[in-house]
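What follows is a short report on a single structure.
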Amino acid sequence: MKLKTKAGALLLTLISISSLFTSCNGQETFGNQYLKLVKVISLPDVKGRIDHIDVNEKERIVYISALGNNSMEVVNLLRGKVIHTIDGLSEPQGVVYISKQDEVFVANGGNGDCYFYDANTFKKTAIVHLPSDADDVRYDSVQGKIYVGYGEGGIAIIDVNTKKQTGDIKLPAHPESFQLDIPSGKIWVNIPEAGMIAVLDENKGKIIAEWRIHDPSEYFPMAYDNRDHRLFVGCRRPARLLVLDSESGKKLAELSCTSDADDMYYDKNTQRILISGGSGYMDIFQRAGIDTYKQIAHLRSRAGARTSLWIPQMKEWLLAAPAGRGNTAALLVYKMD
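In structure tokens, the structure reads:
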């Protein structure tokens, strides 16, 4: 009995150790040579879910939408600490730094309001009211436009100079991630509740194509390769990476990926796709040929770290990890080789 007890204890220990290196879908971690954790910046006062991130690259300042905390955290990457907190927000989600004006724009999911802030004084300079659930944002620095997905179905267009809404494209349900092609005026939008990816024409102000993909489904993050006209879509049911022809919607590749994905990036210099998932894992895929992709890394991050930001010039990948399991909330800073 004693020998059996010791053997059982050893088996449980080995299983426990093994689970540390195996994701929830049974895939073992690999690819450590591609990514190195270089800094963990504590967000000590942040509770609850964390949403999107943006950066002032010149000053190395990061803006984090702490949705569950109703705040925006301002982090100095060089000093490795929070330098300011904007409180009293209403479930902030999308955020963008406007370099030309040295301002920060944040979209609130709770009340739908969008705020402009002076990036030095953090004084609120303008408010744009949207109906509800202002979510993901994109910034066109050339034309000075911010695009905001919101409510039961719409993309609002806001002029950063006048700080007024100048356009609105109606959608059948709430939009998740979307991507812009500035030269053509096309916008691709994930609309999981409607079971489709919509293609919009900004100039016409309407949907011009609907791509219905039922398996896999629940598509949230999206990235775009404007050179080769490829659209990368992250699905949650089941967890898959889809590669689509951005002109026709034709599916060109499908690969398993981390679950509960919420942010995705395509790095044109390395031709790599980066995906962060709330399951606590992050993936890197390498383009290996014409419409051929290979997973080169599946690494542990932290549970709930679904949102992230890729900074190509610095080769840095920032992940927002919420508090939990004895850890305070933190910004995880990775360097990619």
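To convert, note that position 57 of the sequence shown is 932 in the working numbering; the numbers rise steadily by one, no gaps.
Beta carbons: idealized from backbone N, C-alpha and C, even for Gly.
Predicted model, so just to flag it, every value in this text is computed and none were measured.
For A1098 and E1085, believed in contact at Cβ under 8 Å, the rounded distance: Contact doesn't hold; Cβ gap of about 20 Å is too wide.
Euclidean distance between Cα positions of S1131 and F1053: 21 Å
Closest by C-alpha distance to K922, when choosing among R1115, Y938, K1045 and G943: G943
Segment limits, beta strand (DSSP E) that includes L1117: A1114 to D1120
Any beta strand (DSSP E) of 3 or more consecutive residues that is wholly inside the region 926-998: 928-931, 936-941, 946-951, 956-961, 967-973, 978-983 and 988-993
Near the ligand ATP: Y1094 beta-carbon under 6 Å from a heavy atom: Ligands are entirely absent from the displayed structure, and the ligand ATP is therefore not among its contents.
Strand pairing of V915, partner residues [DSSP]: L1207
A1069 (DSSP reduced to helix, strand or coil): helix
Proximity below 7 Å, CB of G1042 to CB of A1009: no
As assigned by DSSP and simplified to three states, the class of N907: helix
Contact set for D962: own chain, Cβ-Cβ below 6 Å, skip 5 residues either direction: S946
Exposed unless 16 or more other CB atoms sit within 10 angstroms - verdict on R1115: buried
Status (buried if at least 16 other CB within 10 Å, exposed otherwise) for P967: buried
Residue from V1064, P1197, G906 and V971 whose Cα sits closest to the Cα of Y1094: V1064
Residues sharing a beta bridge with S1183, DSSP: L1194
I1165 versus M1211, K1210, V1118 and R1177, residue with shortest Cα-Cα distance: V1118
Euclidean distance between Cα positions of V957 and S917: 8 Å
Straight-line Cα distance separating F905 from K1081: 44 Å
Residue closest to N1101, alpha-carbon to alpha-carbon, out of G1070, Q1146, R1112 and K914: Q1146
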